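Here is the structure we will look at, set down as structure tokens.
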Amino acid sequence: MFSAMNKEQFNKWQEYMNEQAFVVPVQYHYSVVPVSTKVKGMTLSPATKER
Numbered sequence: 002m003f004s005a006m007n008k009e010q011f012n013k014w015q016e017y018m019n020e021q022a023f024v025v026p027v028q029y030h031y032s033v034v035p036v037s038t039k040v041k042g043m044t045l046s047p048a049t050k051e052r
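Going by this note's numbering, the first residue of the sequence shown is number 2, and it counts up by one from there.
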């Protein structure tokens, strides 16, 4: 459990981060692509047009 000093330091850090934050993530997108082990040469890289 946090001691009183740790809690105070954490609250100061949290306040600082809230003031300084330039990006606040609100969601993260996962992409799940099931692929058979029989498929050869497939890439999901956005740098290539072939998939």
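All residues carry an ideal CB built from backbone N, CA and C; glycine is no exception.
Predicted model, so just to flag it, every value in this text is computed and none were measured.
DSSP state of M43 mapped onto helix, strand, coil: coil
Rounded separation between N7 and A22 - CA only: 22 angstroms
Contact set for Q28: own chain, Cβ-Cβ below 6 angstroms, skip 5 residues either direction: none
Supposed close pair M43, V33 - CB separation, criterion 8 angstroms: 15 angstroms between Cβ atoms; not a contact.
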